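A short write-up of the structure that comes next.
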Amino acid sequence: MSPAESGREHLITRAFVSLADTLVDEYDVIDLLDRLVGYSVELLAADAAGIVLADARGRLRAVAASSEDAQLMELLQLQSDQGPCLDCVRSGSPVTVIDLTVPAAADRWPVFAAAVADSAAFRSVHALPLRLRGEAIGALNLFHRHPGPLPPVDLSLGQALADVATIGILSERAVRHGEILNEQLQAALNSRVIIEQAKGVLTQKGKLSMDSAFDRLRNYARSRNLRLSEVARQVVETDIADDVVATQVARTRRRR
Amino acid sequence: MAELGTVTQALLAGGDDGVDAHAVAERICRACVTGLDVDGAVISILTATVSRETLWATDPTAELLEELQFTLNEGACMQAATTGTPVLIADLHHNSNTQRWPIFAAALAEQTDVRALFAFPLQWGTMNLGVLDLYRKTPGRLSTAQCRDAISASETGALMLLGVRTDPCHKDADGDGGGSWLDHAPSSRAEIHQATGIVLAQLGVSAAQALARMRGYAFVEQRLLIDVARDVVSRRLQFTEEMG
């Protein structure tokens, strides 16, 4: 094994141990998904990653992204209508687009391919299903700046991360029936609404970008061992916004 | 992936005709009893601190469900309102399900023939706009499809009630694009929620009031809410006390 490989091995182990730790206590699904997209970027050398979930009406909604910038969120949200994520969720199978600039991609998803071309940031996309009993409840989306397929070993690792996401969503409380799934999905999607509102409050109060507003929110929650969605709720409903704005932001661990 | 359920379809077909909260609640309840395997439905506002009110009940049993919870100050729909998560009880005689509200469960068994109870919060972000309670006289779960339909209907219902509360033109029902408000895709856009937070901080008001101000502005300027939200997020538009 090369040093690079063993280094990665070490990272993978650390990621799964940390995720398993997260699952033990009473945890916040949104926080778990946020960590997951972080690890996806780190371990799979992706330039960006995001998770979408299907809501009760079957539409895809973005719940976590490696960067909260508008462009990436837009690319995730666009796929409610068309794109690799939607196809992945519909089929329950991975969808790989090794080069989004080829005509076949533009034919299949004209709006999505055009948006990717506009962003000029990404060339390839991999969508991996959040699988549950033969269905997909959402997808993990990996974006790369360069065209080309992910190596099979990376794809399996990506799928393992996607499976952790499913487990995390399901077992926030004990799994009793399929109906729990709907409850949990709904709670996660609603938490996301609150997080967006909190980001808005923080950008206004602290003259921050959406991206750094989210960083402050996350750092405030993690440094105090609070649930991300609970901190977001307090930002919207009480007056902790100034404290969150004043939070020290740790060195950013994510690439874009 | 899920197609739209019958209840959700029925709600969306009606559009947003600028009616009041009671009429909205009536429509949701009726659609549920018609489209789902339940015997009755009721929608109440359960905010702990403010007024408690039953907006609509399909029958006396449904009404009694709410009365009992108001009186005893506990129950499935109160749990749904405080947690923001549905409470689904397939069999009320299984007391492992009812540990969180034993007195309410006992009263139900004594005074009604309700066996299954499903409570769905009408939730928008941090705000609870009410709870939809469905009951059945026989035990049993809602099927996955029905459960999905009920959740999607309660989400649509929450938007409808929020629409009533934040309606800039009240009864002026000459089509102010209420349909576009109810259309789920724009209403779930991140920009609308971000802009709500920004306006909330600009004006020092609640999330609902911030949304109402944006809707009012969109109505007056004859623009779409999503476009107004984008202007707020990109700082092209700022809300101040002086603005209407």
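Note that the protein sequences, when read in sequence, are chains H and B. The letter at position 189 of the first sequence is residue 225 when you use our numbering, and the numbering goes up by one with no holes. The letter at position 34 of the second sequence is residue 885 when you use our numbering, and the numbering goes up by one with no holes. Using N, Cα and C, we set each Cβ at its ideal position, and we do this for glycine too. None of these values were measured; they are calculated from a predicted model.
What residue range is occupied by the uninterrupted beta strand (DSSP E) comprising N979/B? 978-987
Which word fits A92/H, buried or exposed, when buried means at least 16 other C-beta atoms lie within 10 angstroms of its C-beta? buried
What's the call for G981/B, buried or exposed, on a 16-neighbour Cβ count within 10 Å? buried
Taking the CB atoms as reference points, tell me whether V189/H and G242/H lie closer together than 9 Å. The Cβ-Cβ distance between V189/H and G242/H does not fall below 9 Å.
With a CB to CB cut of under 8 Å and the five nearest residues on each side skipped, what residues in its chain are close to V1079/B? Cβ neighbours of V1079/B beyond the five flanking positions: A1046, M1065, Y1068, A1069, E1072, L1088.
Using a Cβ-Cβ cut-off of 9 Å, state whether I1049/B counts as contacting chain H. yes
Can you name, in chain order, every residue of its own chain whose Cβ lies under 6 Å from the Cβ of G1028/B, other than the five neighbours on each side? Its pLDDT being 43, under 50, G1028/B is placed unreliably in this model, and the coordinates cannot settle the point.
Looking at the structure shown, is Q233/H part of a helix, part of a strand, or coil, going by DSSP? helix
DSSP three-state label for R1081/B, please. helix
Under three-state DSSP, which class holds H180/H? strand
Unbroken alpha helix (DSSP H) run spanning I1043/B, endpoints: 1041-1054
Could you tell me whether any Cβ in chain B is nearer than 9 Å to the Cβ of D70/H? no
What number of angstroms, rounded off, separates the C-alpha of L197/H from the C-alpha of D964/B? 47 Å
Step through the CB atoms of chain B and report whether any lies within less than 9 Å of the CB of I230/H. yes
Bridge-paired residues (DSSP) for G86/H: A101/H, N177/H
Taking all protein chains shown into account, decide if K1022/B is buried (16 or more other Cβ within 10 angstroms of its Cβ) or exposed. Because the pLDDT of K1022/B is 41, which lies under 50, any placement of that residue in the model is unreliable, and the number read from its coordinates should be weighed accordingly. Exposed, since its Cβ has fewer than 16 Cβ neighbours within 10 Å.
Alpha-carbon to alpha-carbon, L863/B and M1011/B: 10 Å
Counting contacts by CB-CB distance shorter than 9 Å, is I1002/B in contact with chain H? yes
Nearest chain B C-beta to D279/H closer than 9 Å, yes or no? no
For chain B, find out if any of its Cβ atoms is closer than 9 Å to the Cβ of N226/H; answer yes or no. yes
If you measure from the CB of A872/B, is any heavy atom of the ligand SAM nearer than 8 Å? Summarising the ligand content, the structure contains no ligands, and the ligand SAM is consequently not present.
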